[in-house]
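Student: Residue numbers (the numbering used here), protein chains in the order written: chain A, 61 to 172; chain B, 3 to 115. Idealized CB from N, CA, C, for every residue including glycine. These numbers were taken from a predicted model, which means no experiment stands behind them. If you scroll down you'll find the structure; I have some questions about it.
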């Protein structure tokens with residue numbers, strides 16, 4: 061019940077295309093859903109986050125869509141760029157604690 | 003504003019030894035969490051400290067322990083190292099109450115030989 065399932069495991073997108081990564085969860089107590097971006101040799105960097113009282117949040121080229129009834133959320137990267145090539149992790153949290161449950165990660169490659 | 007600082011960046015230890023990793027959170031942050039990242043298991047939560055108290059603990063053996071000091075700096079200790087402990091250990095700090103965004107350090111790469 062603590063799991064967050066992430067798909068796909070890897071993704072190849074052409075420059076300018078849309079990258080879509082999906083996550084699903086079971087624990088209805090989760091109330092905070094961040095996405096992290098990680099480059100090789102670096103720690104994860106917070107990209108964007110959403111709480112279940114909204115269905116969508118957009119920051120620049122990055123959008124989170126949230127479906128509370130389906131217990132799913134997704135990250136959309138519009139106009140994908142080669143510099144977006146990284147590993148993306150979805151995560152979930154509950155209870156106001158600094159305890160994140162991570163998905164397995166998606167390795168994104170954006171080809172020029 | 004300085005980010006989360008982890009030291010050392012790299013460590014090589016021998017099986018059976020113990021190791022201590024350090025994390026300095028963002029100034030003003032009182033919550034520090036530790037994670038283990040491996041290719042096989044991904045990012046797994048180890049424990050969280052808030053105001054010098056362990057507030058949450060993941061499913062790791064007792065060889066993994068931590069503590070937090072009054073200035074919010076945290077240390078993580080692994081005793082009797084095993085080959086499987088080789089991983090990137092990440093520290094994340096969060097705000098005053100711990101329920102805000104978590105910011106990660108660059109990690110400590112531990113190799114056990």
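Is there contact between the stretch 61-68 of chain B and the stretch 99-118 of chain A, where contact requires at least three CB pairs shorter than 8 Å?
Tutor: Flag = no, the stretch 61-68 of chain B and the stretch 99-118 of chain A do not touch.
Student: Just the Cα atoms here: how many angstroms apart are residue 41 (chain B) and residue 105 (chain A)?
Tutor: So the alpha carbons of these two residues sit roughly 18 Å apart.
Student: Measure the beta-carbon distance from residue 44 (chain B) to residue 164 (chain A) and round it to whole angstroms, keeping in mind my assumption that it falls under 8 Å.
Tutor: With a Cβ gap of about 5 Å, residue 44 (chain B) and residue 164 (chain A) count as contacting.
Student: Using CA coordinates, which residue listed in B:49, B:19, B:26 is at the minimum distance from residue 9 (chain B)?
Tutor: Comparing Cα positions, the closest option is B:26.
Student: Compare the C-alpha of residue 89 (chain A) against each of A:101, A:172, A:128, A:142 and name the closest.
Tutor: Checking every option, the nearest Cα to that of residue 89 (chain A) belongs to A:128.
Student: Let me know the secondary structure DSSP gives residue 68 (chain A) once reduced to three states.
Tutor: Looking at residue 68 (chain A) - three-state DSSP - the assignment turns out to be coil, as it is neither helix nor strand.
Student: Where does residue 64 (chain A) land, buried or exposed, given buried means 16+ other C-beta within 10 angstroms?
Tutor: When all chains shown are included, residue 64 (chain A) counts as buried.
Student: Shorter than 8 Å, the distance from the beta carbon of residue 69 (chain B) to the closest heavy atom of the ligand FMN, or not?
Tutor: No copy of the ligand FMN appears in this structure; indeed no ligand is present at all.
Student: Once DSSP output is grouped into helix, strand and coil, what is the label at residue 85 (chain B)?
Tutor: Residue 85 (chain B): helix per DSSP, three-state reduction.
Student: Would you mind telling me which residues of chain A sit closer than 7 Å to residue 96 (chain B), beta carbon to beta carbon, in chain order?
Tutor: Simply 158.
Student: Whole angstroms are fine: how far does the CA of residue 162 (chain A) sit from the CA of residue 37 (chain B)?
Tutor: The alpha-carbon atoms of residue 37 (chain B) and residue 162 (chain A) are separated by roughly 10 Å.
Student: Is there contact here, the stretch 76-94 of chain B with the stretch 70-79 of chain A, by at least three beta-carbon pairs under 8 Å?
Tutor: No, because fewer than three Cβ pairs between the stretch 76-94 of chain B and the stretch 70-79 of chain A fall closer than 8 Å, the two stretches do not touch.
Student: Anything in the stretch 103-114 of chain B with a Cβ closer than 9 Å to a Cβ of chain A? List those residues in chain order, please.
Tutor: Taking 9 Å as the Cβ-Cβ cut-off against chain A, the residues of the stretch 103-114 of chain B that qualify are 103, 104, 105, 106, 107, 108, 109, 111.
Student: Does the beta carbon of residue 35 (chain B) sit closer than 9 Å to a beta carbon anywhere in chain A?
Tutor: Interface residue, yes.
Student: So is residue 86 (chain A) buried or exposed if we call it buried at 16+ other beta carbons inside 10 Å?
Tutor: Residue 86 (chain A) comes out exposed.
Student: Given residue 171 (chain A), which residues of its chain have a CB within under 6 Å of its CB, disregarding the five upstream and five downstream residues?
Tutor: Closer than 6 Å at Cβ, skipping near neighbours: 74.
Student: Residues in the same chain with beta-carbon distance under 6 Å from residue 154 (chain A), minus the five sequence neighbours each way, listed in chain order, please.
Tutor: Contacts found: 89, 90, 91.
Student: If you reduce the DSSP assignment to three classes, tell me which class residue 44 (chain B) lands in.
Tutor: If DSSP states are grouped into helix, strand and coil, residue 44 (chain B) belongs with the strands.
Student: For residue 97 (chain B), which option in B:111, B:51, B:23 has the closest C-alpha, if you only look at C-alpha atoms?
Tutor: Closest option to residue 97 (chain B), Cα to Cα, is B:51.
Student: Find the nearest neighbour of residue 30 (chain B) within the set B:72, B:84, B:113, judged by alpha-carbon distance.
Tutor: Closest option to residue 30 (chain B), Cα to Cα, is B:72.
Student: Here's a check: name, in chain order, each residue in its chain whose Cβ is nearer than 6 Å to the Cβ of residue 82 (chain A), leaving out the five neighbours to either side.
Tutor: Here the set comprises 67, 134.
Student: Output the distance between the C-alpha atoms of residue 6 (chain B) and residue 138 (chain A), rounded to the nearest integer angstrom.
Tutor: Looking at the two C-alpha atoms, the distance is approximately 29 Å.
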